[in-house]
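So that you can map any letter, position 35 of the sequence shown is 661 in the working numbering, and since no number is skipped, the others follow by simple counting. Each residue gets a CB set at the ideal place from its N, CA and C atoms; glycine is no exception. Model, not experiment: these values are computed from the prediction.
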Amino acid sequence: MERILLYVHFNKYKRVSNHVFYQLEQLKPLFSKILIISNSYIEEAIKKKLHDEFGISNVLERDNQGYDFAAWRDGMSAIGFEELRTYDSLTLMNDTCFGPLWELEPIYKRFEVDTQVDFWGMTNFRKTKYFEEHLQSYFVTFKQQILRAISFQEFWEQVKDFTDVQDVIDHYETKFTQYFTEAGFTYQAAFDTRLEEATDLIHPDFTYYKPFTILEKKVPFLKVKAISGNPFSARYLLEEIKERTSYPVSLISEHIFEYVGPDVPCLLQDKQLSRDDKNDSPEKPVALHIHVTDLQVFEQFKEKWEALSLQYQFVVTTADEKIFAQLMETVSDRYQVLLGKEERPMQAMLEQSGLLLQFVFVGHISTAILVDGMPQLDKAMRRDLMEVMFENANASIKVLEQDDKLGLVIPDLPSLVRYGLFEQKVYRKEMAAIWQKLHCQKQFDFEQHPVFTRVYGGFLWFKPSALTSLFQNDYQLSAQIEPRILESLLVYLAWDKSYDFKIMPGRPLPALLDLQKEAEKLTRQKGKLARKSLTQKVRTYLSSLLKAR
């Protein structure tokens, strides 16, 4: 069979994900010709890779005007409808799916011998009060009898360059199936969702709301949004894919990390630091930056870092001249003590960027107050963080040495936070503003992100190359950032440079604690809503009395 594929690609960062390369590699044997239509720029090195490794030399670049349907239109125009009519089938596809999870050839053969089917897709969207039942356009195949019909050419030639994606959905996505059936053609879905129970669905979109059913029915493609839109159940989806298919799930994790965010729930389990070989000393020198605001706290914990191997070099800063003088008198030659201008710990570290950038690995701790106005809780949080930092020091540096893509190793939540005794303000607008000022390349929705991964106190082990936006930027800009905002940004700034993070395990606490805390929070919220409702009822009642007078 002579088959042709028009494959639409779009990447907001003008890259090509590895899952797309894998997809094209798996698709290539099925088709006589593949045309890639990219709605975003593709650099020449990628085009060369497509040609050399995949034998794909047909790449059409265009602006993302009209989205997928206009891209397919332009692809057909580039090939010509006369040539299209010579193929046994035309498949339209986009890169919004992971897969194939299962073999595609049997599905093609099934429909190719079925004379009652003129065009087919992987899944359909049920009829609603807004539109008719239709095939979902991420994967649709048209047989030759449609390709040779004038109605096929007429449909695609009238496709407009809509700038609003909803217009594309309203005019084409939800209408093309009806258009071709009214032209006398018949269709079928590989997985007909009309036969399934769907009363519990907000919208009858099985590709989004029922991804486990998609796997159960062995649909070869799983929508990216099924992972990104279901962040907590996604972990089980990944396990199911790993168990039931040969698809490399690392491609999914990699894509979600790069294009959704560094701390998506389904990725967190793999970020837990292993303590294997934790006693192995680092191969390269490590700078431990210690900012001292309280000499008593410094003395209390210094045995912990002094127990580390001699590969760890201590860079101590303080803005207090008295503390500086005392340190110069008491510490050993293993310490380099510097008097700086910055009282704030993270800024004090950035003030010494010239020195710290000479090291491949850096750690940061301080004696500064972590919990304002509550010395007992402040002491407890610091103890937690210090224990985690130094129990996992060697293991942290080891994974940083072994993994080029790893940039930070941060402590897990202090027990104080787990118990709900430390409420943190969320600086959404401020974080978004700083993101822009630092000229970060990736897009991140700070307003909608549910929970931020904060590096409490800035305690962490890291590669300076992961935080170049801070270390190599205008220091005056970094100095303006409020410390707690900076703590909330570190993981995302590293992610902007494509660096991942790992989590040092903290004090083990029963998971039941988190459930109880959430239940208590929900109870408090219900109480507030009930009081608000009662207040409103009283106001309404009093208002009615006044009006009656």
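C-alpha gap between residue i and residue j, whole angstroms
| i | j | result |
| --- | --- | --- |
| leucine 1039 | histidine 829 | 37 Å |
| arginine 970 | valine 1014 | 22 Å |
| leucine 996 | methionine 1012 | 12 Å |
| valine 646 | aspartate 721 | 7 Å |
| glutamate 929 | valine 942 | 15 Å |
| leucine 982 | glutamate 729 | 52 Å |
| valine 886 | alanine 1120 | 14 Å |
| methionine 1130 | leucine 899 | 5 Å |
| arginine 1080 | asparagine 644 | 29 Å |
| threonine 717 | phenylalanine 765 | 7 Å |
| glycine 692 | methionine 627 | 31 Å |
| glutamate 822 | aspartate 793 | 29 Å |
| methionine 719 | threonine 825 | 29 Å |
| phenylalanine 950 | serine 876 | 49 Å |
| tyrosine 648 | aspartate 787 | 30 Å |
| phenylalanine 1097 | serine 979 | 6 Å |
| alanine 852 | phenylalanine 838 | 9 Å |
| isoleucine 1060 | valine 1117 | 14 Å |
| glycine 1083 | leucine 656 | 55 Å |
| serine 1124 | threonine 749 | 34 Å |
| isoleucine 672 | leucine 914 | 40 Å |
| lysine 638 | lysine 1068 | 9 Å |
| phenylalanine 883 | glutamate 731 | 31 Å |
| lysine 948 | aspartate 1010 | 28 Å |
Nearest neighbour of residue i, chosen from the options [CA to CA]
| i | options | result |
| --- | --- | --- |
| leucine 773 | Asp1029, Gly989, Met702 and Ala1105 | Met702 |
| proline 1090 | Ile1023, Tyr633 and Arg736 | Ile1023 |
| proline 891 | Ile878, Arg1044, Ile662 and Arg861 | Arg861 |
| cysteine 1066 | Glu709, Glu1108 and Leu1115 | Leu1115 |
| valine 642 | Lys674, Ala697, Arg736 and Phe1070 | Lys674 |
| threonine 741 | Tyr813, Gln984, Gln1069 and Asp818 | Tyr813 |
| aspartate 700 | Phe781, Glu925, Leu727 and Gly747 | Phe781 |
| glutamine 1062 | Phe817, Asp1122 and Pro857 | Asp1122 |
| alanine 1019 | Gln779, Ala1006, Leu1034 and Asp1030 | Leu1034 |
| leucine 1112 | Met975, Ala704 and Asp1010 | Met975 |
| glycine 706 | Trp746, Ile630 and Ile733 | Ile630 |
| phenylalanine 1016 | Arg870, Phe1085 and Ile840 | Phe1085 |
| glutamate 709 | Tyr961, Phe737, Phe1127 and Ser658 | Ser658 |
| proline 1037 | Phe1088, Gln1002, Leu1064 and Glu1027 | Phe1088 |
| lysine 1005 | Val986, Leu1042 and Phe987 | Leu1042 |
| valine 743 | Lys753, Gln771 and Lys755 | Gln771 |
Chain-order list of residues whose beta-carbon lies under 6 Å from that of residue i (same chain, five-residue window excluded)
| i | result |
| --- | --- |
| phenylalanine 800 | It is worth fixing the name first, because residue 800 is threonine in this sequence and not phenylalanine. Only Phe757 and His760 meet the Cβ criterion. |
| glutamine 973 | Ala1105 |
| phenylalanine 724 | His645, Leu848 and Ile878 |
| leucine 827 | Tyr835 |
| valine 1052 | none |
| tyrosine 873 | Leu727 and Ile867 |
| phenylalanine 778 | Ile772 |
Simplified DSSP assignment, three categories, for residue i
| i | result |
| --- | --- |
| tyrosine 648 | helix |
| tryptophan 728 | coil |
| tyrosine 813 | strand |
| alanine 720 | First, the amino acid is wrong: residue 720 is asparagine here, not alanine. The answer is strand: DSSP assigns asparagine 720 an E or B state. |
| histidine 829 | coil |
| tyrosine 1082 | helix |
| glutamate 701 | Note on identity: in this sequence residue 701 is glycine, with glutamate being the wrong assignment. Residue state, collapsed to three classes: helix. |
| glycine 999 | coil |
| threonine 741 | coil |
| methionine 1007 | helix |
| glutamine 973 | helix |
Own chain residues within Cβ distance below 7 Å of residue i, not counting five before or after
| i | result |
| --- | --- |
| tyrosine 667 | Lys640 and Glu687 |
| phenylalanine 751 | Glu759, His760, Gln762, Pro830 and Asp831 |
| phenylalanine 695 | Val785, Val794 and Tyr798 |
| valine 1054 | Here the sequence assigns arginine to residue 1054, which means valine is not the residue at that position. Contacts found: Phe1072 and Glu1073. |
| valine 845 | Met748, Thr749, Ala816 and Phe817 |
Sequence-distant residues of the same chain with beta carbon closer than 8 Å to residue i, five excluded per side
| i | result |
| --- | --- |
| aspartate 605 | Past the edges of the chain, shown from 627 to 1175, lies residue 605, and the structure says nothing about it. |
| threonine 712 | Glu628 |
| glutamine 804 | Glu758 and His760 |
Closer than 7 Å: residue i CB and nearest the ligand HEM heavy atom
| i | result |
| --- | --- |
| histidine 645 | What this structure holds is no ligand at all, so the ligand HEM is not there to describe. |
Validate contact between the stretch 1069 to 1089 and the stretch 925 to 940 using beta carbons, cut 8 Å, 3 pairs: no
Inspect the CB distances between the stretch 882 to 897 and the stretch 913 to 931 and report whether three or more fall short of 8 Å. no
Counting pairs of beta carbons, one from the stretch 990 to 1007 and one from the stretch 1041 to 1050, are three or more of them closer than 8 Å? yes
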